[in-house]
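Undergrad: There's a structure below that I have some questions on.
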Amino acid sequence: MRLSRDFFYTLREDVRDEDSASGNLLTRAGMIRRVAAGVYMMLPLGLRAMEKIEAIIREEMVRAGSVELRMPALIPEDVYIASGRREAFGASMFALRDRGGRPFVLGPTHEELFAVAARQAIHSYKDLPLSLFQFQTKYRDEPRPRFGLIRVREFVMKDAYSFDLDLEGLGRSYQAMFDAYKRAFDRMEIDYAIVTADTGAMGGLLSEEFQALCPIGEDILVMNEETGYAANLEVAACPRPEPSSEEHRAPRKVPTPGQKTIEDVTRFFGETAERFVKTLIYLADGRPAAFLVRGDHEISEVKAMKLAGCHELEMAPPEVVEEVTRAPVGFAGPIGLEIPVYADYSIMAMANMITGGNEADMHIVDVNLEDFSVTASGDIRQIHEGETTPESGGPVHFRRGIEIGNTFKLGEKYSMAMDLFYTDSDNQRRPVVMGSYGIGPGRCLAAIVEQNHADGRIFWPRAVAPIEVAIVVVSTKNETQVAVAEGLYESFQQAGYDVLLDDRDERAGIKFNDMDLIGAWLRVTVGRGVAEGKVELKLASSDEVEEVAIADAPARVAELLGR
RNA sequence: CGAGGUGUAGCGCAGUUGGCUAGCGCGCCUGCUUUGGGAGCAGGAUGUCGGGGGUUCGAGUCCCUUCACCUCGACCA
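For the first sequence, our numbering begins at 17 and goes up steadily by one.
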């Protein structure tokens, strides 16, 4: 690109309303621009970085034996009704109607359509295995877009889908994708962790996430480096405590005027939070249910949904709480509740607990398991940093991550829903076993910038740098400089580099700063040195400036670029 | 969806108890001077003050309403 004639600009100051370093730097570098909340323009330089990321992913997909195609983004609504996900996605789906009033949606993910597509090609066990992928724009009406490209409402996703005879075949297909993902992220030089995760609305048997390690990440990762344990906080298993050996006392009521929160009552009773029970009233698929966790614990809604076997879980509104507990919010307890009661394992190990009294300004002390009924117990809380689980083999600590990729073993869920079957060698009709695999190139881009920036400049990993060589003409009024720069520009273009010629009529300082901001990998400065037949080479990653003869420049540049 | 906040020039911002022709910095344009890390001087252009309605002699400023955006929470593959 030739800057004097290209679509190129930079901003000197941070932009208001961009809350992340990557959002700000990419905006300031003129690579992206926000149009609406969670909707961005991809400007030439940003597009080039995206294309490099996509090219890496595409290469690894093809190497893993996957075949590229492209689905529409505009999809008849009934495709998602068939799988039951129209309801599951709910308001986060962009929905519209055509002129005839027929309902369409903008696809948030494409499992259904791929199953429909596969139905045409898969009839026999001889047609399997099969792996397909696409790069396609996804639409999700996120309640709260944020962090630049990290949480957006329109974004490109590379999604791949595998189709196999059985679980064994799925295992092989899954592994091939898993390895391809590792190669792709390694090539982008992203610092990432692989964690086990919730299968959530996707459904299925196994989910793993590739998480770019980064302080602004929205996911909390539970890790132990020594044993390699890594799980998303949503699913990280908690240790199960030994039952208390305390002798059970008889429950008695204690007036606690105005003491509503755990903080209030711990102060009031002078006891630690571990002696208290939090009774949380939720609506599980619309029906009230109580969830019990220890006072010092936080509920994991993902785990709670699994225990309760529901698809939707939301905190009950105050009216419902008051109705089921017959008390104001803040005094709920398990005794006498006429709704399902789900207890965390830690509750099952407690004795002489302090709970709400289901009565205004009243708590009950010395409550024991025999004093109330539990519908089911399980692990429904979030693990704390420093705890050890059997799986982790040692104390865990937390990191934050940006989910840049995920892999799902889906099993038969979508095959059954979308009628995707094959005939096996015994002439039996069997559902195809599916897997699905996603990568967000835009999140990769944002994560790379988050992990590689300093002093208001971007330091690109070699493989994704949108500009490999930037030629800076110090003075565009100096004909010799211009001629030399033009010659090098021509030569680098012929060599196939991603090259930029800064021939703008600006002061040198402005050009140097802009090249730093956009993160040109190698800078060739054509300035006063041309009088002696020399130009300067400087890598973004180094402060050293190297003078070379003009004639030697192409060879030296090729060497530095590793070409 | 709940709570809080912000909308004034391309970008970042100021604008007093309502009061003259709405300002500042950067950017932009012209000229001169300069030319190796965001130059200097002089001159200049650019505004539906988010939109609509109202109060008032007079509204960027007060009131009502609406939209957009941001933060925290809720929610969410």
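The beta-carbon is built from N, C-alpha and C at its ideal position, and this holds for glycine as well.
State yes or no: is the C-beta of Ile-363 within less than 8 Å of the C-beta of Glu-287?
TA: Going by C-beta atoms, Ile-363 is not nearer than 8 Å to Glu-287.
Undergrad: Just tell me which of Glu-279, Asp-180 and Arg-169 has its CA closest to the CA of Ser-82.
TA: When only C-alpha atoms are compared, the closest one is Asp-180.
Undergrad: Secondary structure at Gly-185, three-state DSSP: helix, strand or coil?
TA: In the structure shown, Gly-185 sits in a helix (DSSP, three-state: H, G or I).
Undergrad: Pick from Val-465, Asp-114, Leu-517 and Pro-406: whose alpha carbon is nearest that of Val-489?
TA: Among Val-465, Asp-114, Leu-517 and Pro-406, the Cα nearest to that of Val-489 is on Leu-517.
Undergrad: What separation, rounded to the nearest whole angstrom, lies between the Cα atoms of Ala-71 and Lys-322?
TA: Distance between the alpha carbons of Ala-71 and Lys-322: 39 Å.
Undergrad: Tell me the rounded alpha-carbon separation between Lys-198 and Phe-163.
TA: Between Lys-198 and Phe-163, the C-alpha separation is close to 25 Å.
Undergrad: Is Lys-429 helix, strand or coil by DSSP?
TA: Residue state, collapsed to three classes: helix.
Undergrad: For a test of the three-state rule: what should DSSP assign to Phe-475, helix, strand or coil?
TA: Coil at Phe-475, not helix or strand.
Undergrad: Just to check my reading of the structure: Ala-209 and Arg-459 have Cβ atoms closer than 8 Å, yes? What is that Cβ distance to the nearest angstrom?
TA: Actually they do not touch by this definition, with Cβ atoms about 15 Å apart.
Undergrad: Under the assumption that Leu-461 contacts Met-66 (Cβ atoms under 8 Å), give the Cβ distance between them as a whole number of angstroms.
TA: With a Cβ gap of about 6 Å, Leu-461 and Met-66 count as contacting.
Undergrad: Can you tell me which residues form a DSSP beta bridge with Phe-151?
TA: Answer is Lys-174.
Undergrad: Would a C-beta distance cut-off of 8 Å place Phe-105 and Pro-124 closer than the cut-off?
TA: Closer than 8 Å, so yes.
Undergrad: Any contact of the segment 405–413 with the segment 239–258, i.e. 3+ C-beta pairs under 8 Å?
TA: Contact holds: three or more Cβ-Cβ distances are below 8 Å.
Undergrad: How big is the Cα-Cα spacing for Tyr-505 and Ile-455?
TA: The straight-line gap from Cα to Cα measures roughly 35 Å.
Undergrad: Compute the beta-carbon to beta-carbon distance between Arg-397 and Asp-360, rounded to the nearest angstrom, for a pair I have assumed lies under 8 Å.
TA: About 5 Å separates the two Cβ atoms, so the contact holds.
Undergrad: Relative to the C-alpha of Val-381, which candidate in Lys-269, Ala-332, Cys-326 and Thr-404 has its C-alpha closest?
TA: Nearest C-alpha to Val-381: Lys-269.
Undergrad: Quick one: what's got a C-beta closer than 8 Å to Glu-34's C-beta in the same chain, skipping five residues either side?
TA: Around Glu-34: Asn-40, Thr-43, Arg-50 and Gly-164.
Undergrad: Looking at the strands, I want to know which residues DSSP matches up with Thr-215.
TA: The partner list for Thr-215 (beta bridge, DSSP) is empty, contrary to what the question assumes.
Undergrad: I'd like to check one pair, Val-448 with Gly-427: are the Cβ atoms closer than 8 Å?
TA: In this structure, Val-448 does not lie closer than 8 Å to Gly-427 by Cβ.
Undergrad: Would you kindly report the start and end of the unbroken beta strand (DSSP E) that includes Thr-26?
TA: Thr-26 -> no beta strand (DSSP E), and no H or E assigned at all.
Undergrad: In this structure, does DSSP put Pro-273 in helix, strand or coil?
TA: Pro-273 falls in the coil class under three-state DSSP.
Undergrad: Determine the direct distance from the alpha carbon of Tyr-453 to that of Gln-152, and round the result to whole angstroms.
TA: In a straight line, the C-alpha of Gln-152 is about 13 Å away from that of Tyr-453.
Undergrad: Report, in whole angstroms, the separation of the C-beta atoms of Ile-69 and Pro-477, which I expect to be a contact under 8 Å.
TA: Between Pro-477 and Ile-69 the Cβ distance is about 10 Å, and since that is not below 8 Å, they are no contact.
Undergrad: Could you give the distance in angstroms between the alpha-carbon of Arg-86 and the alpha-carbon of Glu-466?
TA: So the alpha carbons of these two residues sit roughly 30 Å apart.
Undergrad: The alpha helix (DSSP H) spanning Leu-385 covers which residue range?
TA: No alpha helix (DSSP H) contains Leu-385, which DSSP labels as neither H nor E.
Undergrad: So Lys-294 packs on Gly-311, CB below 8 Å; how close in whole Å?
TA: About 6 Å; that satisfies the 8 Å criterion.
Undergrad: Would Val-515 and Ile-474 be called neighbours here (beta carbons separated by less than 8 Å)?
TA: Cβ atoms of Val-515 and Ile-474: not closer than 8 Å.
Undergrad: Which residues in the same chain as Ile-483 place their Cβ atom closer than 6 Å to its Cβ, once the five residues preceding and following it in sequence are excluded?
TA: Asp-514, Leu-516 and Ala-536, listed in sequence order.
Undergrad: Mapping DSSP to helix, strand and coil, what is Ala-266?
TA: Correct three-state label for Ala-266: coil.
Undergrad: Using a 10 Å radius around the Cβ and a threshold of 16 neighbouring Cβ atoms, would you call Phe-307 buried or exposed?
TA: Per the 10 Å Cβ criterion, buried.
Undergrad: In whole angstroms, what separates the C-alpha of Cys-254 from that of Ala-556?
TA: Near 46 Å, if we compare the C-alpha coordinates of Ala-556 and Cys-254.
Undergrad: Compare the beta carbon distance of Asn-368 and Glu-262 with 8 Å and say whether it is the shorter of the two.
TA: Cβ atoms of Asn-368 and Glu-262: closer than 8 Å.
Undergrad: Rounded to a whole number of angstroms, what is the C-alpha to C-alpha distance between Pro-350 and Gly-372?
TA: Taking the straight line joining both Cα atoms gives about 8 Å.
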